[in-house]
Structures are given as C-alpha cells and as structure tokens.
Amino acid sequence: MSGAGRYAAMFAALARRGEGAVVPFAVLGDPDMETSHAVLEALVAGGADALEVGLPFSDPIADGPAIQAADTRALKAGARTAACWELVRALRSAHPALPIGVLCYANLAVRAGLPRFYRDAAAAGADSVLVADAPMDEAEPFRAAAREAGVAFVAMVPPSATPRVVAAVARHAEGYTYVVSRPGVTGTDAAPRQGAAELVRALKRLAAAPPLVGFGVSTPAHVREALATGAAGAITGSAVVERVAHLRPGARDATVLTAFIREMKAASRPAAPPAKR
Amino acid sequence: MKLDTRYGTWGGVFVPELLVPALEQLEAAFVEARADAAFGARLDALLRDYAGRPTPLTRCERFGGGAGAAIWLKREDLLHGGAHKTNQALAQALLAQRMGKRRLIAETGAGQHGVATAMAGALLGLETRVYMGAADVTRQRPNVLRMELMGAEVVPVESGSRTLKDAINAALRDWAGSYEHTHYLLGSVTGPHPYPLMVREFQRVIGREARAQFLAAAGALPDVVVACVGGGSNAIGIFSDFIPDAGVRLVGVEAAGAGLDSGRHGATLARGAPGVLHGAHTLLLQDGDGQVSESHSIAAGLDYPGVGPEHVRLKETGRASYVACGDAEALAAFEELARTEGIIPALESAHALAEALRLAREGLAARILVNLSGRGDKDLDTVAALRRPGAQAAPGNGPEAGAPGGGRP
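Residue numbers (our numbering), protein chains in the order written: chain A, 3 to 279; chain B, 2 to 410.
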C-alpha cells in the first residue's frame, strides 16, 4: 500500500471507532538522528494515528521559533537529507501500516531535482509530501513528480484562501488536506481560531481529502475543538518539538512524548473523560 | 496573478498559500497605481522635493585618470537617505497607504533600506518595524540610530546566520500574521512576484535620468554601464532603460569577498545553483542538499546568498554580463575615489568602481557609466578597522569577524 492508501485505511478505521486522528509532527534529525528516532517511536507508542515528519531546512519561513530551533538543532548535528530518508525507512519497516507524511520546503526538492526527490521519498516509504512554500499556483511540477513516484500530494488551505484555491486543493490534494487554523506561522503562542470550521465545511462540500487541522494545536482542548469543526483530526507540531527541545542531551528516554500524545489521543475519542495527569 | 510572474523560468510566487492573497492585492494595487496620474504626480513630487531628484551625473576629474577612458558617476549617493533605496521605499509606502495599510515592515542588511523605509514611514505617518540581523545591528550602529530617531522600531534577528537572509525570514513570518493591516516593504528586486517587477519599475528612474543626462553631456551613449549586485535593485534600476540599446554593455559586479574559491563570497550569479529562496526560483549559494549557505562580503548590502530573478535571466540571455570583485579591490577603489574625487562611496558601490577602473586600465571601454548607488558614511567604522596596521581586507579582519553561524557546510 502506498500514496493515499494508508491514509484512507487509517481514516476508515478511525471512523469505525468514532475517533479523530491525532498526527504529531517532529523534525527529522532533531536534536540528532538517534534521539529523533527515539522521539518518533515514542510518538507512535503514545497512539499517534500517523506521523508528519519535517526535513530540516536552513530558512523555514512558515515556521515559528520552536520549529526553527528544531531545524537549526538538526542541521547543527549534521542532518543530511539522505540520513533523514534512512530514518523514514526505519520507521516504515517498523510500522508497515502507519501513514507517514513528509513536510519540506521547495528548495530541498528543487535542489535534488523533483523526480529524484519524490522517488527518494517513495523509496523511503513516505506516503505523502507537503511543500510548505509551493502554493497551488506553483504546485503543478511538484504534483506531477508526486504522481509519477506514487506519493500523495498534500496541500495547505489557509483561512485567507480564495474559493478558487479551496476548489483547486479539493480537486488535487490526496491523502489528507492540511487546514491551517489561523494566520501566522507555526507555534503554540496562538491557539487555533474558529474560522477553521468554515473551511472544513467548504472542503467537505467539495469532497476534498479528509481535513486535518494544524497550527497552534497544543492541548487536548484544541484537539476537541478541531474535531468539533467536523475535521477528521488534528496535527500537533510545535508542542511536540518544544518537548523535544527539553530532552536531556543524548537522552534515549522520550516517554514525555508518549505521555503527551496519549493525552492528546484521549481527547480524540468520543465522550472522552477529562484527561488524567 | 494578472501579470507574468517569471523571467524565463526564473521568479514565481513561492510562498505559503497563506500569503498569496496579500501578494495578489499588492499586484492589483501596483497595476492600478501605475495607471493613475495622481499617484505618479504625488510620487514625482516626493522624489523631487523631498528626496532631491534628479540626482546629478558627475564626470570624474581624476578617478581612473591617465587610462584614456572617461568615467561618469550617477550620483544616487546624493539622494536623501544616502542611497538609491529611497526611490522605491517612497513609492511602496505610497502604495501601502493606497491599500489602507497602517503599518510597514521591512528587512535590512547594511541598514540603507531600513533607513529609507523609516523615512517613508515617518513622512507618511505609518508605524514602522525593521528586522535586522543581530550581526548587522552590531556592525552598522549609525544606521540603527538613524532608524530609531525616525521613529522605527528595529528588531535584531538572532536566528540563523543573524544577517540579511534571516532578517527577510523574520519579516516574512511577521507578514504571515499581519498582512491584513501591514505592508511588507521589501527592499530589492528579490522575493516573490510582484516585488522583482515592482521594485524594478520604481528604480527605473535611475537609468531614465542617467541615459538622458549622458546623451546631453557626452553626445553619445556610454559603452558600458556598471553597477554592483547584491539582490540587484540598483543594477536593474540603471540597466532597464539601456536594455534596448544593443550597443551598450551592461555589467553587474558581485562580491567575490575573500575570493571565489575561498567559499566566503556573495557571488551568486557566478557560483550559485538553481533553487528557491524567499519566494523566488533563482540562483542560490547552497550545499548539495539545498541548505542555503552563508555569504560573505566586506559590504553588508552584497552579503546575500540569493539574487533577483531578472538578473539570472539577463545573464542567461547574455544581455548583461556579471563579474565579481573581492573585498581588497573594492576597498582600494573606495580609497581611490575618496582621494581623487573627494567622494566617499558606499562599499557596495565601490565594487562597481573597481570594475570601472579595470575596464579603463585595460582599455576595454572609452565611456563608462557607474551607478554610485550610495554614500560611504555608514562604512567608516569598517574601513577604519581595515586600515589599522596589520589589517587587510581578508577573512577574519573585518568588524564582522566572529559573527556566529558562518560555518554551515
């Protein structure tokens, strides 16, 4: 199974259980490859329904301070793209059914050459690629390379999106649709806004790939709010990465992340009791 | 977008989807304003009565003397603010007002664009915030004070290399959360469409004036027009009206820093590879994975690992050629212009002067027009440090030595 298939299976299974998806995001190689591997396994152990992993980039313009710092830590530790793909490969072989999405910036794909970049993603076992700075009007070459490699093309829909862009995303995006909850960059300093509900309704009306809400999702209450909009789940990134930043250097014990995802996951279930601490 | 966003295959709109509507709004406002005579009249009046246009064309008396060539200088150093940046900062600030935005944000490297934006913000009563790399805040103190005196808030950027590239990142992040009431007053012919086009059109006045002045003074067109290239706005500004003149050679001069093979330079057109940075498909200094490299130049305004997409196109078509000049040659030209003409140029412009000297001495041109894009007051501390006994314009001796983050592979 590849491309959108693992996402479809995940959403179907969640629907049967009446649950929403909780998808944590972490930067590959943050703070180093080994710890990053432990972090990602800890997220899965906490009940992550899928993983979103970021390739570190020198100039992440869509990201706030937490994820910028994560990219810097990873690059300082020498994270190369090839080693990041190796880590994805390891996750894939350990978790054959888990959807794994890759988030990156355009330059990493352009530099590698789009066909090679998407082939590498597919070979590592990634299900989808989202390019943060390739809006729909620039997306065609990326989409073509994704299609060729059998990787799902994921796109972001922000609150500022025009109806034309919402329609284009609904028509072309595969796997899931990334609904940006609010203006600004990634980070836990600003919570999601209500506007996401309107976008989610519009996407559903257009039969888009299931919407996941991201940006500012850092507490179980945010997960419940995201699901209340009708979204299929929530993506939590900066809150994860901030916890990674507090791991002791060389720590292999990332149980704090398991506990965090367990709490977030509890909020994704129907009639969830208040999260226990 | 309504206009073509590309120069050949270069340029485009590579920003998060969130910012696309803000760029569409900007493009629409620019197109409308260009067709509006009242906007043009207001801008022309500001450029004349506030900024001091037209700027003179000066024929050098002694600079390059004895080489048998005549060197003319387009005196953007005499523009209010001390550099060509004022031309387009005033224009964009008027556009911001027209769009009903109440706040300006900008990035700055050497501080010249920040100063120009602070001036425009003060003049039009717009709240102004300037992002500046923390390393540049340290090496360009006087400009920080100038911006603050004019009421702008200067925010030092501590991330990444703590220079211009990171200041642009910070401004883009601010804009992602503030576009509804804020205009991003980008300072060069870089970034996503419509900036490269819009900034070119607002800087075109340099070449329009210079061409007419040159014809009047010399009775002919120049053989060659020379300008320095960081992002490339002063070069595009002086080149544009000469592009149809097939007999006029256009030469852009990049920063070779400590040498092209040293890895410490800003010569993107010479050594860059295709990539995407700050919204545009262009050439970049980068590693094999696509991580953007640190650049280096004695001139903070040329210390940028990307370049405006139209320059990549001009190089590709052969209409312009690009060379690189090192720190030491630029410093020598800086000193020679001061000594022979009584004019202290910006270190950025000194790169163009160095190439003009070379063309004159090697007998490669008889009539040379140089864009003297800015004055050098801001560079006096840098030059003083380099003139101390034992110092030389080489890596590690400038005041920027010790700026962290210079070693990304």
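Just so you know, even glycine gets a beta-carbon here, dropped at the ideal spot from N, CA and C. Fair warning: this is a prediction, and the values are worked out from it, not measured in the lab.
Please list the partners that A:Thr238 has in chain B, where partner means a Cβ-to-Cβ separation under 7 Å. The contact set of A:Thr238 on chain B, defined by CB atoms closer than 7 Å, is empty, because the minimum CB distance reaches about 19 Å.
Contact between the stretch 143-157 of chain A and the stretch 71-79 of chain A is defined here as three or more beta-carbon pairs at a separation below 8 Å; is this criterion met? Touching, no, given that fewer than three Cβ pairs across the two stretches are closer than 8 Å.
Paired residues, beta bridge with A:Met158 - DSSP: For A:Met158, which the question treats as bridged, DSSP gives the partners A:Tyr180.
In whole angstroms, give me the CA-to-CA distance for B:Ile169 and A:Pro62. Computed Cα separation, rounded: 11 Å.
Please list the terminal residues of the continuous alpha helix (DSSP H) segment that includes A:Pro165. That run of the alpha helix (DSSP H) goes Pro165 to His174.
Comparing the C-beta of B:Leu373 with each C-beta of chain A, is any distance below 8 Å? Put simply, the CB of B:Leu373 is far from chain A, with every gap to its CB atoms at 8 Å or more.
Contact list for A:Asp61 against chain B, beta-carbon separation under 9 Å: The answer, in chain order, is Gly161, Lys166, Asp167, Ile169, Asn170, Leu278, His279, Gln292 and Val293.
Which runs of the alpha helix (DSSP H) fall wholly inside the stretch 101-132 of chain B and span at least 4 residues, in chain order? DSSP runs (the alpha helix (DSSP H)) wholly in the stretch 101-132 of chain B: 113-125.
How would you label B:Lys75, buried or exposed, when you count the other beta carbons within 10 angstroms and need 16 or more for buried? So B:Lys75 counts as buried.
Would the stretch 104-119 of chain A count as touching the stretch 275-284 of chain B if we require 3 or more Cβ pairs under 8 Å? Contact between the stretch 104-119 of chain A and the stretch 275-284 of chain B is established, with three or more Cβ pairs separated by less than 8 Å.
Ignore the nearest five residues each way along the sequence and tell me which others in B:Gly231's own chain have a CB closer than 6 Å to its CB. Sequence-distant partners of B:Gly231 (beyond 5 residues in either direction) whose C-beta falls short of 6 Å from its own C-beta, in its chain, are Gly302, Leu303 and Tyr305.
B:Gly41 by DSSP, collapsed to three states: which one? In the structure shown, the three-state DSSP call for B:Gly41 is helix.
Specify the secondary structure class of B:Gly399 as computed by DSSP and reduced to three states. Confidence is the limiting factor: at B:Gly399 the pLDDT is only 38, short of 50, which leaves the residue's position unreliable, though a coordinate-based value still follows. It is coil, neither helix nor strand.
How would you call B:Gly399, buried or exposed, if buried means at least 16 neighbouring beta carbons within 10 angstroms? Confidence is the limiting factor: at B:Gly399 the pLDDT is only 38, short of 50, which leaves the residue's position unreliable and the question unanswerable from this model.
Can you tell me whether A:Leu259 is buried or exposed, with buried defined as 16 or more other CB within 10 angstroms of its CB? It is buried - the Cβ of A:Leu259 has at least 16 other Cβ atoms within 10 Å.
With 16 as the cutoff for other CB atoms within 10 Å, does A:Asp129 come out buried or exposed? The residue in question, A:Asp129, is buried, as its Cβ has 16 or more Cβ neighbours within 10 Å.
Counting only Cβ-Cβ distances shorter than 7 Å, please list the residues of the stretch 135-149 of chain A near chain B, keeping chain order. When C-beta distances to chain B are compared with 7 Å, the residues of the stretch 135-149 of chain A below that value are Asp135, Ala136, Pro137, Met138, Asp139 and Glu140, in chain order.
Near B:Tyr8, which residues of its chain fall below 6 Å by C-beta distance, leaving aside the five closest residues on each side in sequence? Cβ within range, chain order: Pro310, Glu311 and Arg314.
Below 8 Å on C-beta distance, what does B:Gln26 contact in chain A? Chain A residues near B:Gln26: none, gap ~10 Å exceeds 8 Å.
Terminal residues of the continuous beta strand (DSSP E) containing A:Phe27? From DSSP, the beta strand (DSSP E) with A:Phe27 extends over Ala23 to Val29.
In three-state terms, what does DSSP make of B:Gln287? Under the three-state reduction of DSSP, B:Gln287 is assigned to strand.
Where does A:Leu205 land, buried or exposed, given buried means 16+ other C-beta within 10 angstroms? Under the 10 Å beta carbon count, A:Leu205 is surrounded by 16 or more other beta carbons and is classified as buried.
Members of the stretch 12-41 of chain B that neighbour chain A once the beta carbon cut-off is set at 9 Å: Result list: Gly13, Val14, Phe15, Val16, Pro17, Glu18, Leu19, Leu20, Val21, Pro22, Ala23 and Glu25.
Interface residues of chain B around A:Arg113 at Cβ under 9 Å? The answer, in chain order, is Ala274, Pro275, Gly276, Val277, Leu285, Gln287, Asp288, Gly289, Asp290, Gly291 and Gln292.
With a cut-off of 8 Å, does the C-beta of A:Thr190 fall near any C-beta of chain B? For A:Thr190, the answer is no, since every Cβ of chain B falls outside 8 Å of its Cβ.
Reducing DSSP to helix, strand and coil, say where B:Ile207 ends up. B:Ile207 falls in the helix class under three-state DSSP.
Looking at chain B, is there any beta carbon in it that lies within less than 8 Å of the beta carbon of A:Leu201? It does not: the Cβ of A:Leu201 has no partner Cβ on chain B nearer than 8 Å.
Using beta-carbon positions only, say whether B:Val14 and B:Gly280 come within less than 8 Å of one another. With contacts defined by Cβ atoms closer than 8 Å, B:Val14 and B:Gly280 form a contacting pair.
Less than 8 Å between the beta carbons of B:Val293 and B:Leu284, yes or no? Result no, Cβ atoms of B:Val293 and B:Leu284 do not sit closer than 8 Å.
Specify the secondary structure class of B:Lys316 as computed by DSSP and reduced to three states. Assignment of B:Lys316 by DSSP, reduced to helix, strand and coil, places it in the helix class.
Which of helix, strand or coil DSSP assigns to B:Ala404: No answer about B:Ala404 holds up, because its pLDDT of 34 lies below 50 and its placement is not dependable.
For the stretch 79-91 of chain B against the stretch 383-393 of chain B, are there 3 or more C-beta pairs whose distance is under 8 Å? No, the stretch 79-91 of chain B is not in contact with the stretch 383-393 of chain B.
Contact between the stretch 74-91 of chain A and the stretch 19-37 of chain A is defined here as three or more beta-carbon pairs at a separation below 8 Å; is this criterion met? Touching, yes, given that three or more Cβ pairs across the two stretches are closer than 8 Å.
In the stretch 257-311 of chain B, which residue ranges form an unbroken beta strand (DSSP E) of at least 3 residues, counting only runs that do not cross its ends? If one requires a minimum length of 3 residues, the beta strand (DSSP E) runs lying completely within the stretch 257-311 of chain B are 274-278 and 281-285, in chain order.
Whether or not the stretch 326-337 of chain B and the stretch 251-260 of chain B are in contact is what I'm after, with contact meaning three or more pairs of Cβ atoms, one per stretch, closer than 8 Å; do they touch? Under the Cβ criterion (8 Å, minimum of three pairs), the stretch 251-260 of chain B counts as touching the stretch 326-337 of chain B.
Quick one: grab the DSSP three-state call for B:Val371. Here B:Val371 carries a strand assignment [DSSP, helix/strand/coil].
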